[in-house]
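**Q** Pasting in a structure now, in structure tokens, and then I'll have a few things to ask.
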Amino acid sequence: MGEPSIVVIKDNNALVIHALDEAAERLGLYIGQPLANARAMCPDLKVFDADVVADAKTLSDIADWCDRFTPLVALDPPHGLFLDISGCAHLFGGEAALLQTLVRALARQGFAIGAAIASTSVCARTLTRQATGSIVADGGEAAAIDRFPVSALGADETITTGLRRAGLKTIGEVASRNPSEITARFGARFSTLLAHALGQGDAPISPRKPLPDYIVEKRFAEPIATDTMIAMTLSRLAETLIASMEKQGKGARRLEAAFFRTDGVVRAIMVETGRPVTRSVVIDRLFRERLDALADPLDPGFGFDMVRLSASRTEIMVQEQRDLDAHVHDNDELAALIDRIAARIGGKRVVVHLPQDTHIPEHAVLAAPAQHHLAAAMQAEWPVRAESEPPLRPLRLFDKPEPVTVPFATVPDGPPHQFTWRRAKHAVVRVEGPERIAMEWWRQDGKQLTRDYFRIEDAEGLRFWIFRDGLYEGEVFDGDGKPAPPHWYVHGLFA
Amino acid sequence: MSGARISALATLRSQIERIETAEVVHHHDRVALGHREVDHALKGGLARAAIHEVFCEGRQGAAATGFVTGLAGRVTMRRPLLWVRQDFSELETGALSMSGLAELGLDPRRVVMVRAADVESALRTSADALACDALGAVVLELWGETRQFDLVASRKLTLAAQSSGATGLLLRMAAQPLPSTAETRWMLRAAHSPPGPMWSAWGAPRFDVELLRNRHGPCGRWIMEWKCDECQFSEPSAYPQPVAAAPAHRSDPAVLQRRVG
């Protein structure tokens, strides 16, 4: 046994003990004790600063690791986890074997843990604090916990102290009182907690992730590490997944592959599709694209001992007559291509366009992810262009209008005669305009200025879309409230 | 060099020639652009299932975009168009505006845009997309010189286009032409509107088009105009605006001339 070590945290401007090891506990130190007192009792303490964020991260990593036992894992901060193992235990050789596997594996990773199985979450939590390793059958909750001190329930400090002062030291003593007395004295929340601990009713846990619709997984006695093995495993899993979905006429819209490394690290990779996938080849290819393009590649370390493939979003497949209609085939091909590109570079980077009902040029078109809006975009109603008119809107539009310097322009609403943009002078040869676009006062919060747009051609034949931000003498003022000349901007370029 | 070696080389050359032309003739059908002289130089029109490069100076980006959009409008034949662009080019010349595209007479509903972060992912995406036979055309828009787009990358795109029948259009802004396997290579500049008073409206988009390379015909330089209503190119008109409205029921010349090559 080494020197006693403790972790301290700042509480009300004083450093107090946040966590301690066995040696420190044996010296009589306790959690919540001020550091100064602890030092007085034991001068050669090793002291570390608490890192609450890292603690939370560790807990969440352990929860990831626990995903291998059940998909329903809930956090119980600051250092607890609930696992709903209903219907899972037999896969690991029964409840006792599961508990043993879990405790041993975590102990091997260097964690000191308490674990217990009971039919309600509060009862199980109480047991982990006092009798780790116990398994309580349905109905035996009250008998299992009635000799434990009330602090094991994990209620507020004030309630625990109150109960102790009232002479109720064990859970059994509290339970023997009339529930209405307890409720009157300590509140309904405590009496509910007590009832749950005794196995009367249960509070549902809130799992970190929603339960996927379909899960398939493969465990390995000998961890796998090579790319070919990983790819092969994935395609086998994909086949099984598709087979089970096919029975119910479903197709997958979102798939997640989770790789469980032997050292406890879990990496999850997700792909989304625009249409329900019903072929394992497609799943295979999407994951290949995704794995190829990962910024930090999948690191097998000493190998993966389990791979899980789950479909977290599925849709009912409508069987269509496909072969006769080339158009349908084209749309399917396009959707598949979009899925592949999105798997590689991200769904937000592949977009289709939807027209919006507004006159403001920069808001007239909405770019939406193609995976989800392809069908809507194909049927969108675009404004009809005026026949035998040259283009009224530029082909290239700047996201942010770029300022230009205009030495002089015809007032009040004439065009500039020359302007400087990106350090180059342009002489105005042709002008059309102004086209006045007033801002939408019913939508904007701040005051926006009226814009006068001009279509301008310069001496070289380049065509610009230029606007004056604000009317002369009416909208633009300097710091003293006097009218100031408005600014000019290039908003787009015509072909 | 000995006579035998020279004749061996000649045989090899002719073999290569035969392989290449066989491949080309087999796959290509051509789409007339609408400008008589240009179509003549192109032996009937722009070849589909091939790669075409359009170059321009940095500030001529919008004109080149207009020309590429026009080419895409001609070759896609109501099939979807995938436009792959690099993030940087949007900062330089602005984003492709769907309202502007619609004003040119093209259908924004059939455009899918891919916003690639860098040249590599843009190249990879376009090679992948060109192999997809559901697409009419793939536009790859790159800004500036890139080392990644070499002969190998170009060859990859060409092979993909030949296998699927989709047309690849490369919009290379602020870049110098390098050796490639492109079917044609163009240099684009904006052209002036026809002379007229300052306040008279400008006409249809006009391009000063230079054909720098043409694998199966002569090169040249022309002024081309884009007819937004008919969705095709034409000879430059003398007046900025059409005097009479164009007839509504006009057969599409592209359909008539499709099987020329």
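If you read the protein sequences in the order shown, they are chains A and B.
Heads up: the first sequence begins at 515 in the numbering used here, then just goes up one per residue.
Heads up: the second sequence begins at 223 in the numbering used here, then just goes up one per residue.
The C-beta atom is built at its ideal place from N, Cα and C for all residues, glycine as well.
#1: Who are the near neighbours of histidine 249 (chain B) in its chain, counting only those whose CB is closer than 6 Å to its CB and skipping five residues on each side?
#2: Identify the contact partners of tryptophan 424 (chain B) in chain A, using a Cβ-Cβ distance below 8 Å as the criterion.
#3: Who are the near neighbours of isoleucine 545 (chain A) in its chain, counting only those whose CB is closer than 6 Å to its CB and skipping five residues on each side?
#4: Below 7 Å on C-beta distance, what does proline 908 (chain A) contact in chain B?
#5: At a cut-off of 7 Å, would you count arginine 331 (chain B) as near the ligand MG, judging by its Cβ distance to the nearest heavy atom?
#6: Throw me the rounded Cβ distance for the glutamate 731 (chain A) and arginine 822 (chain A) pair, which I believe falls under 8 Å.
#7: Taking the C-alpha atoms as reference points, what is the distance between glycine 316 (chain B) and phenylalanine 912 (chain A)?
#8: Per DSSP, what kind of secondary structure is asparagine 436 (chain B) in: helix, strand or coil?
#9: For the alpha helix (DSSP H) that contains aspartate 741 (chain A), what are its first and last residues?
#10: What does the alpha-carbon distance come out to for the pair arginine 944 (chain A) and leucine 1007 (chain A)?
#11: Would you please verify whether the beta carbon of histidine 248 (chain B) is less than 8 Å from any beta carbon of chain A?
#12: What does proline 302 (chain B) touch in chain A if you count any residue whose Cβ is under 8 Å from its own?
#13: Could you please give the first and the last residue of the uninterrupted alpha helix (DSSP H) stretch that includes serine 1042 (chain A)?
#14: Of all the CB atoms in chain B, is at least one closer than 8 Å to the CB of valine 587 (chain A)?
#15: Considering alanine 284 (chain B), what are the terminal residues of the alpha helix (DSSP H) in which it resides?
#16: Specify whether the stretch 644–652 of chain A and the stretch 670–680 of chain A touch according to this definition: at least 3 beta carbon pairs, one from each stretch, less than 8 Å apart.
#17: Could you spell out where the alpha helix (DSSP H) holding leucine 800 (chain A) opens and where it closes?
#18: For isoleucine 855 (chain A) and chain B, any beta-carbon pair shorter than 8 Å?
#19: One question on the structure: do isoleucine 852 (chain A) and alanine 878 (chain A) come within less than 8 Å of each other, judged by their Cβ atoms?
#20: Whether or not the stretch 736–743 of chain A and the stretch 760–773 of chain A are in contact is what I'm after, with contact meaning three or more pairs of Cβ atoms, one per stretch, closer than 8 Å; do they touch?
#21: Grab the span of the beta strand (DSSP E) containing cysteine 278 (chain B) for me, first residue to last.
#22: Less than 7 Å between C-beta atoms, sequence neighbours within five positions excluded: which residues of the same chain meet that for alanine 941 (chain A)?
#23: Using a Cβ-Cβ cutoff of 8 Å, what residues of the stretch 603–615 of chain A are near chain B? List them in chain order.
#24: Within the same chain, show all residues whose beta-carbon is closer than 6 Å to that of serine 348 (chain B), passing over the 5 residues directly before and after it, in chain order.
#25: According to DSSP, simplified to helix, strand and coil, what is valine 465 (chain B)?
#26: How many Å lie between lysine 502 (chain A) and alanine 533 (chain A) at the Cα?
#27: Identify whether isoleucine 576 (chain A) lies in helix, strand or coil by the three-state DSSP scheme.
#28: Please report how far the alpha carbon of leucine 963 (chain A) lies from the alpha carbon of alanine 952 (chain A), in whole angstroms.
#29: Could you tell me whether the Cβ atoms of histidine 887 (chain A) and leucine 906 (chain A) are closer together than 8 Å?
#30: Hey, is tryptophan 421 (chain B)'s beta-carbon within less than 8 Å of any beta-carbon in chain A?
#31: Nearest CA to the CA of glycine 778 (chain A): which residue from A:Ala772, A:Val664, A:Gln623?
#32: With a 10 Å radius around its C-beta and 16 neighbouring C-beta atoms as the bar for buried, classify valine 247 (chain B) as buried or exposed.
**A** With the given structure in hand:
#1: Within the second sequence, the letter at position 27 stands for residue 249 (chain B). Legend: pLDDT at histidine 249 (chain B) = 46, less than 50; position of this residue unreliable, no value from coordinates given.
#2: Position 202 of the second sequence, counted from the first residue, corresponds to residue 424 (chain B). Those within 8 Å of tryptophan 424 (chain B) in chain A are Pro904, Arg944, Glu946, Arg969, Glu971, Arg977.
#3: Working through the first sequence from its first residue, we reach residue 545 (chain A) at position 31. Same-chain partners within the cutoff: Ile531.
#4: Taking the first sequence and counting its residues from 1, the one referred to as residue 908 (chain A) is at position 394. Ordered by position in chain B, the residues that pass the 7 Å Cβ test against proline 908 (chain A) are Ser319, Gly322.
#5: In terms of ligand content, the structure shown is empty, and the ligand MG therefore cannot be addressed.
#6: Here residue 731 (chain A) refers to the residue found at position 217 when the first sequence is read from its first residue. Here residue 822 (chain A) refers to the residue found at position 308 when the first sequence is read from its first residue. 4 Å between Cβ atoms; contact.
#7: The count along the second sequence starts at 1 and reaches residue 316 (chain B) at position 94. The count along the first sequence starts at 1 and reaches residue 912 (chain A) at position 398. Cα-Cα distance, rounded: 4 Å.
#8: Here the question's residue 436 (chain B) lines up with position 214 in the second sequence. DSSP places asparagine 436 (chain B) in strand when its eight states are reduced to three.
#9: Counting from one through the first sequence, the residue named residue 741 (chain A) turns up at place 227. Residues 741–761.
#10: As a first step, residue 944 (chain A) must be located in the first sequence, where it is residue number 430. As a first step, residue 1007 (chain A) must be located in the first sequence, where it is residue number 493. For arginine 944 (chain A) and leucine 1007 (chain A), the distance between alpha carbons rounds to 14 Å.
#11: Here residue 248 (chain B) refers to the residue found at position 26 of the second sequence. Confidence is the limiting factor: at histidine 248 (chain B) the pLDDT is only 44, short of 50, which leaves the residue's position unreliable and the question unanswerable from this model.
#12: Along the second sequence, read from residue 1 onward, the residue named residue 302 (chain B) stands at position 80. Simply Asp844, Leu848.
#13: What is shown of chain A runs 515 to 1009, which leaves residue 1042 (chain A) out entirely.
#14: The residue given as residue 587 (chain A) occupies position 73 in the first sequence. Chain B contact via Cβ: absent.
#15: What you label residue 284 (chain B) is simply residue 62 of the second sequence in a count that begins at 1. Alanine 284 (chain B) -> alpha helix (DSSP H) spans 283–298.
#16: no
#17: Numbered from 1 along the first sequence, position 286 holds the residue referred to as residue 800 (chain A). Per DSSP, leucine 800 (chain A) belongs to the alpha helix (DSSP H) from 794–806.
#18: As a working mapping, residue 855 (chain A) is identified with position 341 in the first sequence. At least one chain B Cβ lies under 8 Å of isoleucine 855 (chain A).
#19: Working through the first sequence from its first residue, we reach residue 852 (chain A) at position 338. Working through the first sequence from its first residue, we reach residue 878 (chain A) at position 364. No; because the gap between Cβ atoms is not below 8 Å, this pair is not in contact.
#20: no
#21: Against the second sequence, residue 278 (chain B) aligns to sequence position 56. 273–278 is the extent of the beta strand (DSSP E) around cysteine 278 (chain B).
#22: Position 427 of the first sequence, counted from the start, is the residue given in the question as residue 941 (chain A). Once the five neighbours on either side are set aside, the close Cβ partners of alanine 941 (chain A) are Gln932, Asp972, Ala973.
#23: none
#24: Taking the first residue of the second sequence as position 1, residue 348 (chain B) is located at position 126. Taken in chain order, the residues that qualify are Val306, Val360, Leu362.
#25: On the second sequence, residue 465 (chain B) is found 243 positions in, with the first residue counted as 1. With a pLDDT of only 42 at valine 465 (chain B), under 50, the local geometry of the prediction cannot be trusted, and the value read off the model is given with reservation. Three-state result, valine 465 (chain B): coil.
#26: Residue numbering for chain A in the displayed model covers 515 to 1009; residue 502 (chain A) lies beyond these limits and cannot be assessed.
#27: Along the first sequence, one-based indexing puts residue 576 (chain A) at 62. Reduced to three states, the DSSP call for isoleucine 576 (chain A) is helix.
#28: Residue 963 (chain A) sits at position 449 when you count from the first residue of the first sequence. Residue 952 (chain A) sits at position 438 when you count from the first residue of the first sequence. When rounded, the distance between both Cα atoms is 7 Å.
#29: Reading the first sequence from its first residue, position 373 is the one you call residue 887 (chain A). Reading the first sequence from its first residue, position 392 is the one you call residue 906 (chain A). It is not a contact, given that the beta carbons lie outside the stated cut-off.
#30: On the second sequence, position 199 is the one that residue 421 (chain B) refers to. It does: the Cβ of tryptophan 421 (chain B) has a partner Cβ on chain A nearer than 8 Å.
#31: The count along the first sequence starts at 1 and reaches residue 778 (chain A) at position 264. Considering only alpha carbons, the answer is A:Gln623.
#32: Mapped onto the second sequence, residue 247 (chain B) falls at position 25. Here the model assigns valine 247 (chain B) a pLDDT of 47, short of 50, so the residue's position is not dependable, and the following value carries that caveat. Exposed, by the Cβ-count rule.
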